[in-house]
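Taken in order, the sequence shown gives residues 0 to 574; the numbers are from numbering that gives the first Met the number 0. For each residue, glycine too, the CB sits at the ideal point set by N, CA and C. Note that the coordinates shown come from a computational prediction; the quantities given were computed from them, not determined experimentally. For reference, the structure is listed below as structure tokens.
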Amino acid sequence: MSEPLIVGIRHHSPACARLVKSLIESQRPRYVLIEGPADFNDRVDELFLAHQLPVAIYSYCQYQDGAAPGRGAWTPFAEFSPEWQALQAARRIQAQTYFIDLPCWAQSEEEDDSPDTQDESQTLLLRATRMDNSDTLWDHLFEDESQQTALPSTLAHYFAQLRGDSPGDALNRQREAFMARWITWAMQQNNGDVLVVCGGWHAPALAKMWRKCPQEMNKPELSSLADGVTGCYLTPYSEKRLDVLAGYLSGMPAPVWQNWCWQCGLQQAGEQLLKTVLTRLRQHKLPASTADMAAAHLHAMALAQLRGHTLPLRTDWLDAIAGSLIKEALNAPLPWSYRGVIHPDTDPILLTVIDTLAGDGFGKLSPSTPQPPLPKDVTCELERTGISLPAELTLNRFTPDGLAQSQVLHRLAILEIPGVVRQQGSTLTLAGNGEECWKLTRPLSQHAALIEAACFGATLQEAARHKLEADMLDAGGIGCITTCLSQAALAGLASFSQQLLEQLTLLIAQENQFAEMGQALEVLYALWRLDEISGMQGAQILQTTLCAAIDRTLWLCESNGRPDEKEFHAHLHSW
Numbered sequence: 000m001s002e003p004l005i006v007g008i009r010h011h012s013p014a015c016a017r018l019v020k021s022l023i024e025s026q027r028p029r030y031v032l033i034e035g036p037a038d039f040n041d042r043v044d045e046l047f048l049a050h051q052l053p054v055a056i057y058s059y060c061q062y063q064d065g066a067a068p069g070r071g072a073w074t075p076f077a078e079f080s081p082e083w084q085a086l087q088a089a090r091r092i093q094a095q096t097y098f099i100d101l102p103c104w105a106q107s108e109e110e111d112d113s114p115d116t117q118d119e120s121q122t123l124l125l126r127a128t129r130m131d132n133s134d135t136l137w138d139h140l141f142e143d144e145s146q147q148t149a150l151p152s153t154l155a156h157y158f159a160q161l162r163g164d165s166p167g168d169a170l171n172r173q174r175e176a177f178m179a180r181w182i183t184w185a186m187q188q189n190n191g192d193v194l195v196v197c198g199g200w201h202a203p204a205l206a207k208m209w210r211k212c213p214q215e216m217n218k219p220e221l222s223s224l225a226d227g228v229t230g231c232y233l234t235p236y237s238e239k240r241l242d243v244l245a246g247y248l249s250g251m252p253a254p255v256w257q258n259w260c261w262q263c264g265l266q267q268a269g270e271q272l273l274k275t276v277l278t279r280l281r282q283h284k285l286p287a288s289t290a291d292m293a294a295a296h297l298h299a300m301a302l303a304q305l306r307g308h309t310l311p312l313r314t315d316w317l318d319a320i321a322g323s324l325i326k327e328a329l330n331a332p333l334p335w336s337y338r339g340v341i342h343p344d345t346d347p348i349l350l351t352v353i354d355t356l357a358g359d360g361f362g363k364l365s366p367s368t369p370q371p372p373l374p375k376d377v378t379c380e381l382e383r384t385g386i387s388l389p390a391e392l393t394l395n396r397f398t399p400d401g402l403a404q405s406q407v408l409h410r411l412a413i414l415e416i417p418g419v420v421r422q423q424g425s426t427l428t429l430a431g432n433g434e435e436c437w438k439l440t441r442p443l444s445q446h447a448a449l450i451e452a453a454c455f456g457a458t459l460q461e462a463a464r465h466k467l468e469a470d471m472l473d474a475g476g477i478g479c480i481t482t483c484l485s486q487a488a489l490a491g492l493a494s495f496s497q498q499l500l501e502q503l504t505l506l507i508a509q510e511n512q513f514a515e516m517g518q519a520l521e522v523l524y525a526l527w528r529l530d531e532i533s534g535m536q537g538a539q540i541l542q543t544t545l546c547a548a549i550d551r552t553l554w555l556c557e558s559n560g561r562p563d564e565k566e567f568h569a570h571l572h573s574w
């Protein structure tokens, strides 16, 4: 083969998954290159363990000495993901498989002001086809099973028109340059065909770029971070997070529907949709009779015929359900007709339908999957302090055992780990009688959250400290900084990086609300002067914050003007 076969796909599209699987099985390439984080290549065999999908590769970096907040990104896989089917098909034919994209930590963070050509092209297409949004357009063009034969050429034409002559923004150019180097390397091996699976936006550019790359004698390597630690691990993922309506811009709408389409085809997927929606509506005590569903079935068939679909597609079914079950005027647009936050006045029936198709499934990793240090350290900390999950735990911070338990739980709360909820207790270490009540559970999302929190540190103490540092650097004023330091006291975290100490002085100097200073100074001074139990007494972080806050308060008190009635007591407190 004189050229690589570059297959542009839409992530998590069943039609694209079928195409990729078919091409690999028929072409039997020697190399299968997949858009995905290249830092996982040495551990790609982990993807073939006995996992329950969806799962994701989580790539992250943690900067040393708090130089910057950690960064992390997910590459999720469902059974209907083209990348997943490419992995499975490549393994069956014993092809060499590599991920060829830059992981998040190797990507530039610089903003780009170049116009978004993709959005402009999409807008023109939607206007020409009279479609509600790009998801409906995609279904119409590509997810109809009768179009599978012509899919390779129509996809290539679609993505070529979408990309046009646009060079892409700076981030896309950086990623595409790296992917092109991988293609060049594989082609220069000259010992077999090369098939590339990548997002359709990148495909036209990669088809041109790989020829212009210098010769690659060795596989392209990632540059290391001089001031950071990087890592990548598999993590469980949820169906809901795959949904484009949940904010995952590379996702497909209605992951449950997409899975049905992959598993059993459009006809049975439609039947399954009606049965599942009917059951869920009745569980929620919403009106849904057998006659309504029969009407929805007829309505969907008619809409499909009207719209030129061989069988009803996703929006045919959804429009039919809305038309058959909603008996009154709607106060909000149909939730599948737009992207973004669902309108608050959306009909409960439609909300239930959308939630049903978003799914509530959660992936599960094989027990032999390697894990980052943080989940193991959390397990050790829970065992050390005698905490078991699930439980309803009552403790007293003023006893040694209670203090140790409280600090571990507050560190988990700082990391926003699901299943750790404090139901009762003071927000200040020095207030109240020291009693706290916690409700501890072990939801499916907990393990995934611990893996993802590894970007903040390898131990629970380190991760909680780095998370608080990131929160304080993002704080919007002295009030937020004080809240973070109160959390630090509850968690027994008294030592912070020198960079944070320097940045806090600058952040506090930007505070312009005199009314905010009094409450903050009262809390900060009490912690610095009296909080021996948590180790905050005389802490450098508090001394730095107090000095900066007092300086700013004195400056603001000379120029605060006349307070309005709502702020009078806060101003008086600051004085």
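1. If the criterion is Cβ atoms closer than 7 angstroms, does the pair GLY456 and ASN395 meet it?
2. Does DSSP put PRO389 in a helix, a strand or coil?
3. Can you tell me whether DSSP reads VAL19 as helix, strand or coil?
4. Given this structure, state the Cα-to-Cα distance separating ALA403 from THR458, to the nearest angstrom.
5. Secondary structure at SER237, three-state DSSP: helix, strand or coil?
6. Between ALA453 and GLU380, what straight-line distance do the alpha-carbon atoms span, to the nearest angstrom?
7. Please list the terminal residues of the continuous alpha helix (DSSP H) segment that includes GLU434.
8. Alpha carbon to alpha carbon, what distance is there between VAL377 and THR426?
9. The alpha helix (DSSP H) that contains VAL276, what's its start and end?
10. What residue does the alpha helix (DSSP H) around ASP470 start on, and which one ends it?
11. Please confirm whether ALA105 and ILE23 have their CB atoms less than 7 angstroms apart.
12. Would you call LEU506 buried or exposed, if buried means 16 or more other Cβ atoms sit within 10 Å of its Cβ?
13. Please name the residue or residues paired with TYR97 in a DSSP beta bridge.
14. Compute the beta-carbon to beta-carbon distance between GLN406 and GLY491, rounded to the nearest angstrom, for a pair I have assumed lies under 8 angstroms.
15. First and last residue of the alpha helix (DSSP H) that includes ILE325?
16. Alpha carbon to alpha carbon, how far is THR543 from ASP550? Give it in angstroms, no decimals.
17. Where does the unbroken beta strand (DSSP E) through VAL196 begin, and where does it stop?
18. According to the Cβ coordinates, are MET251 and LEU273 closer than 7 angstroms?
19. State the Cα-Cα distance for the pair TRP574 and GLU435, rounded to the nearest angstrom.
20. Are the beta-carbon atoms belonging to ALA299 and ALA319 less than 7 angstroms from one another?
21. I need the boundaries of the alpha helix (DSSP H) containing VAL352, first residue and last residue.
22. Taking the alpha carbon of ALA488 as the point to measure from, which residue in GLY534, VAL54, ASP344 and GLN498 has its own alpha carbon closest?
23. ILE592 by DSSP, collapsed to three states: which one?
24. Quick one: complete beta strand (DSSP E) runs, 3+ long, within the stretch 41-67?
25. When we look at the beta-carbon of HIS568 and count the other beta-carbons within 10 Å, is it buried (16 or more) or exposed?
26. Less than 7 angstroms between CB atoms is the rule here; does GLN121 satisfy it with respect to chain C?
27. Quick one: what's got a C-beta closer than 7 angstroms to GLY358's C-beta in the same chain, skipping five residues either side?
28. Under 7 angstroms, do GLN266 and LEU312 count as touching if we go by C-beta distance?
29. How many whole angstroms separate the CB atoms of GLY362 and TYR236, which I take to be in contact at a CB cut-off of 8 angstroms?
30. Return the residue from the list ALA462, LEU449 and GLU215 that minimises the CA-CA distance to ILE416.
31. Going by beta carbon distance, what residues of the same chain come within less than 7 angstroms of TRP219, once the five residues before and after it are set aside?
32. Leaving aside the five residues before and after CYS479 along the sequence, list all residues of the same chain whose C-beta is less than 7 angstroms from its C-beta, in chain order.
33. From ASP112 to SER288, what distance separates their C-alpha atoms?
34. Closer than 7 angstroms by C-beta to ALA463: which residues in its own chain qualify, once you throw out the five before and the five after it? Chain order, please.
35. Quick check on THR428: buried or exposed, where buried means 16 or more other Cβ atoms within 10 Å of its Cβ?
36. For TRP73, write down the residues that DSSP places opposite it in a beta bridge.
Let me lay it out:
1. As a working mapping, residue 456 is identified with position 457 in the sequence shown. As a working mapping, residue 395 is identified with position 396 in the sequence shown. No, these two residues do not count as a Cβ contact at 7 angstroms.
2. To locate residue 389, count along the sequence shown from 1; it is residue 390. Coil, per DSSP.
3. By 1-based counting over the sequence shown, the position of residue 19 is 20. Of the three classes helix, strand and coil, the one that applies to VAL19 here is helix, per DSSP.
4. By 1-based counting over the sequence shown, the position of residue 403 is 404. By 1-based counting over the sequence shown, the position of residue 458 is 459. Computed Cα separation, rounded: 16 angstroms.
5. Counting from 1 along the sequence shown, the entry for residue 237 is found at position 238. Strand at SER237.
6. Looking up residue 453 in the sequence shown gives position 454. Looking up residue 380 in the sequence shown gives position 381. Taking the straight line joining both Cα atoms gives about 15 angstroms.
7. In the sequence shown, counting from the first residue as 1, residue 434 sits at position 435. Careful: GLU434 lies outside any alpha helix (DSSP H), inside the beta strand (DSSP E) at 434-439.
8. As a first step, residue 426 must be located in the sequence shown, where it is residue number 427. As a first step, residue 377 must be located in the sequence shown, where it is residue number 378. The straight-line gap from Cα to Cα measures roughly 23 angstroms.
9. Sequence index remark: in the sequence shown, residue 276 carries index 277 (1-based). From DSSP, the alpha helix (DSSP H) with VAL276 extends over 254-282.
10. For the purposes of this step, residue 470 is identified with residue 471 of the sequence shown, where counting begins at 1. That run of the alpha helix (DSSP H) goes 459-472.
11. One-based indexing of the sequence shown puts residue 105 at position 106. One-based indexing of the sequence shown puts residue 23 at position 24. Going by C-beta atoms, ALA105 is not nearer than 7 angstroms to ILE23.
12. Mapped onto the sequence shown, residue 506 falls at position 507. Buried, because 16 or more other Cβ atoms sit within 10 Å of the Cβ of LEU506.
13. What you label residue 97 is simply residue 98 of the sequence shown in a count that begins at 1. The partner list for TYR97 (beta bridge, DSSP) reads LEU32.
14. As a first step, residue 406 is located in the sequence shown; it is residue number 407 there, counting from the start. As a first step, residue 491 is located in the sequence shown; it is residue number 492 there, counting from the start. Indeed, because the Cβ distance is near 4 angstroms, the residues count as touching under 8 angstroms.
15. Along the sequence shown, read from residue 1 onward, the residue named residue 325 stands at position 326. Careful: ILE325 lies outside any alpha helix (DSSP H) and carries neither H nor E.
16. The residue you call residue 550 lines up with position 551 of the sequence shown. The residue you call residue 543 lines up with position 544 of the sequence shown. Taking the straight line joining both Cα atoms gives about 11 angstroms.
17. As a working note, residue 196 is residue 197 in the sequence shown. From DSSP, the beta strand (DSSP E) with VAL196 extends over 193-198.
18. Taking the first residue of the sequence shown as position 1, residue 251 is located at position 252. Taking the first residue of the sequence shown as position 1, residue 273 is located at position 274. No. Outside cutoff.
19. Here residue 574 refers to the residue found at position 575 when the sequence shown is read from its first residue. Here residue 435 refers to the residue found at position 436 when the sequence shown is read from its first residue. Note that TRP574 scores a pLDDT of 43, beneath 50, so its modelled location is shaky and nothing firm can be said.
20. Your numbering for residue 299 matches position 300 in the sequence shown. Your numbering for residue 319 matches position 320 in the sequence shown. Yes, these two residues count as a Cβ contact at 7 angstroms.
21. Here the question's residue 352 lines up with position 353 in the sequence shown. VAL352 -> alpha helix (DSSP H) spans 347-357.
22. Along the sequence shown, read from residue 1 onward, the residue named residue 488 stands at position 489. Of the candidates GLY534, VAL54, ASP344 and GLN498, the one whose C-alpha sits nearest the C-alpha of ALA488 is GLY534.
23. Since the first residue shown for the chain is 0 and the last is 574, residue 592 is missing from the structure and cannot be characterised.
24. 54-62
25. Walking along the sequence shown from the start, residue 568 turns up at place 569. Low confidence applies here, because HIS568 scores a pLDDT of 46, under 50, leaving its location unreliable and the question unanswered by this model.
26. Among the chains in the structure shown there is no chain C, since it carries only a single protein chain.
27. The sequence position of residue 358 within the sequence shown is 359, counting from 1. Closer than 7 angstroms at Cβ, skipping near neighbours: GLU238, LYS239, PRO254 and VAL255.
28. Taking the first residue of the sequence shown as 1, we reach residue 266 at position 267. Taking the first residue of the sequence shown as 1, we reach residue 312 at position 313. No, the pair does not count as a contact, with Cβ atoms beyond the cut-off.
29. Against the sequence shown, residue 362 aligns to sequence position 363. Against the sequence shown, residue 236 aligns to sequence position 237. Between TYR236 and GLY362 the Cβ distance is about 5 angstroms, and since that is below 8 angstroms, they are a contact.
30. As a position in the sequence shown, residue 416 is number 417, starting the count at 1. That would be LEU449, whose Cα lies nearest to the Cα of ILE416.
31. Your numbering for residue 219 matches position 220 in the sequence shown. Note on residue identity: the sequence assigns Pro, not Trp, to residue 219. Counting only Cβ-Cβ distances below 7 angstroms, and skipping sequence neighbours, we find PHE177, ARG180, TRP181 and TRP184.
32. Residue mapping note: residue 479 aligns to position 480 of the sequence shown, counting from 1. Correct list: empty, nothing qualifies.
33. As a working mapping, residue 112 is identified with position 113 in the sequence shown. As a working mapping, residue 288 is identified with position 289 in the sequence shown. Here the model assigns ASP112 a pLDDT of 46, short of 50, so the residue's position is not dependable, and the following value carries that caveat. Each residue's alpha carbon lies about 53 angstroms from the other.
34. Numbered from 1 along the sequence shown, position 464 holds the residue referred to as residue 463. Correct list, in chain order: ARG410, ILE413, LEU414, ALA490 and LEU492.
35. As a working note, residue 428 is residue 429 in the sequence shown. Under this definition THR428 is a buried residue.
36. By one-based count along the sequence shown, residue 73 stands at place 74. TRP73 is bridged to TYR57.
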